[in-house]
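So for the sequence shown, our numbering puts the first residue at 212; every next one is plus one.
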Amino acid sequence: MTKKAGIALATSLVGVLAAGCGAPTTPSSSTGSGPVAISFMEAMSSGALSTTLQHLVAQFEKSHKNIKVQLIPEPSYGVLQAKIEAAVSANNAPTIAQAYEDWAAGYAKSGVIVPLTSYVHGSNGLSSSQTADFWPGIWQDQMLNGKQYMFPFNKSDFVMYYNADWLKKGNLVVPITWNQFAQVAQKVTSASANTWGVSIDPGSTSEAANGTYLYVALIRAYGGHLMKNGKPDFDSKPAQEALQYLVNLYKSGAVKLGTNYPGQTALGSAHGLFDLSTIASYYYNQQAIGGKFKLGIAPFPKGPVADGNVLQGTNIVMFSSATSAQKVAAWTFMKWLDSPAHTAYWASHTGYLPVRKSAVSLMQSYYNGHPYQKIAADSLAYAKEVPPVAGFSQAIGDLANAIQEATVGHQPVSQALSQAETQAESALANQ
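1) Report whether the distance from the Cβ of S488 to the nearest heavy atom of the ligand COA is below 8 Å.
2) When the Cβ atoms of the region 332-339 are set against those of the region 618-635, are three or more pairs found closer than 8 Å?
3) Just the C-alpha distance for K568 and F362, rounded to the nearest angstrom, thanks.
4) What are the boundary residues of the alpha helix (DSSP H) that includes A310?
5) With DSSP as the reference, identify every bridge partner of G507, one or two as the case may be.
6) Is it the case that the region 361-377 contacts the region 440-456, given that we only count it when at least three CB pairs across the two stretches are under 8 Å?
7) Identify the residues that DSSP records as bridge partners of F530: which are they?
8) Exposed or buried, which one is A254 when buried takes at least 16 other CB atoms within 10 Å?
9) Would F544 and A304 be called neighbours here (beta carbons separated by less than 9 Å)?
10) Could you tell me which of A248, Y424, N382, Q451 sits nearest to A627, measuring between CA atoms?
11) DSSP state of M354, grouped into three classes?
12) Report the three-state DSSP secondary structure of I411 (helix, strand or coil).
13) Which word fits Q523, buried or exposed, when buried means at least 16 other C-beta atoms lie within 10 angstroms of its C-beta?
14) What are the start and end residues of each continuous alpha helix (DSSP H) run of 4 or more residues lying completely inside the region 439-468, in chain order?
15) Looking only at its chain, what residues have a beta carbon closer than 6 Å to the beta carbon of L228, apart from the 5 residues adjacent to it on each side?
16) To the nearest angstrom, how far is it from the Cα of S340 to the Cα of Y472?
17) Between the C-alpha atoms of Y373 and A611, what's the straight-line distance to the nearest angstrom?
18) Nearest to L591 by CA position, among D609, H482, W346, is which residue?
19) Cβ atoms of L429 and G514: under 9 Å apart, would you say?
20) Tell me whether T525 sits in a helix, a strand or coil according to DSSP, three-state version.
21) Among Q281, T306, V521, which one has its Cα closest to the Cα of P512?
22) How about Y593 and Q584: do their beta carbons lie closer than 9 Å?
23) Specify, as a first and last residue, the run of the alpha helix (DSSP H) that N496 falls within.
24) Whose CA, out of T476, T470, Q475, R431, lies closest to the CA of L454?
25) Would the region 389-401 count as touching the region 480-500 if we require 3 or more Cβ pairs under 8 Å?
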């Protein structure tokens, strides 16, 4: 699942909600009678996601009699985003909610969410060893302009799915580097057999898809970054090399472009050897394959300069309109939810990844039966977030357009990226 376009709440909202600050270490109701009630607006509304979150809330309430958590499930991230905006505009914001990084950047700019620093580093906060226990990319993912506005929740990253039977039959190795990936992808590409390496969907300017986030991982593998000195850095040498890599594979027929999870479709029909998508795609890839062959899973290949991967999923933010007691209660819940035992439970029942390194040792029996999850968890050591800047989802969409222009449109790589950088700068300037 990819990021939805971020929003920047209207500047008229600034000041509507008063910013929160430090609070007592023990939650208590504002009236002194009964437990503190907090609300959590989220998109974990179906299947194991819903039942697991409900179970965790019930366990939390059992051990915290003075706090009640009301879940407000929404059917999708798009609906969640719209409902948050509507609730804030109506002065009826939830206590906490799931949010992507660029959503949170817009909320912070408008003053409708509070920094969490006073809670994280307060007397009921986290020790230095506990903060160090979070994966580096996940911990950094909470920051906006050097301040901690978010707390981790449902996280995933990218892995390489492949047809293990096809590789074995062709005496081909599982690629460890992107150079090896290109070699294998080209070897299996045949017009007469109607086979190729991988299908990707870059998405569009309005919403980037997995193919563009694959490209972001490639940029990082070539040593590049998405931003430099506070501005989009799309036309760098690493970005050009990474896009030329995709263009070369496209020209050879080893990479095909499509829509609506084309990598999954091509893998399942045994036309494409690979699918490059998040660990959350595992169930859907198995459904597409239908037992026709053995599904293999490996880490993303290494680049010439670095490992490259993209952190996906949301964090939790706390809204300014909550009472002091609600904020303390919400922090208590957030801290509990991310404890090693509970993030391990969440990960082992949903397919998302544990946000704490120490949780991995608690999940060994689970990993024995689900080794692909361990591969994705290990990749968290170098997976990084997309820059948490208001409107950056639109900027990523400009990269999607650059991929389309350089492949289907046969535009020179430098020209396509230069245009994307200019468009992204304009998009961010209008936030």
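We treat Cβ as the ideally placed atom computed from N, Cα and C, and that holds for glycine.
Concretely, from the data shown:
1) Judged by which ligands are present, the structure shown has none, so any question about the ligand COA falls away.
2) no
3) Working through the sequence shown from its first residue, we reach residue 568 at position 357. Working through the sequence shown from its first residue, we reach residue 362 at position 151. Taking the straight line joining both Cα atoms gives about 15 Å.
4) Here residue 310 is taken as the residue at index 99 of the sequence shown, counted from 1. Not the alpha helix (DSSP H): A310 falls in the beta strand (DSSP E), residues 307-310.
5) Your numbering for residue 507 matches position 296 in the sequence shown. Answer by DSSP bridge pairing, in chain order: Y373.
6) no
7) Taking the sequence shown and counting its residues from 1, one reaches residue 530 at position 319. Partner(s): I324.
8) Within the sequence shown, the letter at position 43 stands for residue 254. With 16 or more Cβ atoms within 10 Å of its Cβ, A254 is classed as buried.
9) The residue labelled residue 544 in the question sits at position 333 within the sequence shown. The residue labelled residue 304 in the question sits at position 93 within the sequence shown. No, the pair does not count as a contact, with Cβ atoms beyond the cut-off.
10) The residue you call residue 627 lines up with position 416 of the sequence shown. Among A248, Y424, N382, Q451, the Cα nearest to that of A627 belongs to Q451.
11) Residue mapping note: residue 354 aligns to position 143 of the sequence shown, counting from 1. Note: M354 maps to strand in three-state DSSP.
12) The residue given as residue 411 occupies position 200 in the sequence shown. I411 falls in the strand class under three-state DSSP.
13) In the sequence shown, the residue the question calls residue 523 occupies position 312. So Q523 counts as buried.
14) 448-463
15) Position 17 of the sequence shown holds residue 228. Low confidence applies to L228: its pLDDT is 34, below 50, so where it sits in the model is not reliable enough to give any reading.
16) Walking along the sequence shown from the start, residue 340 turns up at place 129. Walking along the sequence shown from the start, residue 472 turns up at place 261. Each residue's alpha carbon lies about 40 Å from the other.
17) Locating residue 373 in the sequence shown gives position 162, counting from the first residue. Locating residue 611 in the sequence shown gives position 400, counting from the first residue. If I take the Cα positions, the gap works out to 24 Å.
18) As a working mapping, residue 591 is identified with position 380 in the sequence shown. Checking every option, the nearest Cα to that of L591 belongs to W346.
19) For this step, residue 514 is matched to residue 303 along the sequence shown. For this step, residue 429 is matched to residue 218 along the sequence shown. Yes, the pair counts as a contact, with Cβ atoms nearer than the cut-off.
20) Stepping through the sequence shown from its first residue, residue 525 is reached at position 314. T525: strand per DSSP, three-state reduction.
21) Reading the sequence shown from its first residue, position 301 is the one you call residue 512. Looking at the Cα atoms, V521 is the closest of the given residues.
22) As a working note, residue 593 is residue 382 in the sequence shown. As a working note, residue 584 is residue 373 in the sequence shown. No, they are not a contact pair.
23) Here the question's residue 496 lines up with position 285 in the sequence shown. Taken as a continuous stretch (DSSP letters only), the alpha helix (DSSP H) holding N496 covers 493-500.
24) The residue labelled residue 454 in the question sits at position 243 within the sequence shown. The option with the nearest alpha carbon to L454 is R431.
25) yes
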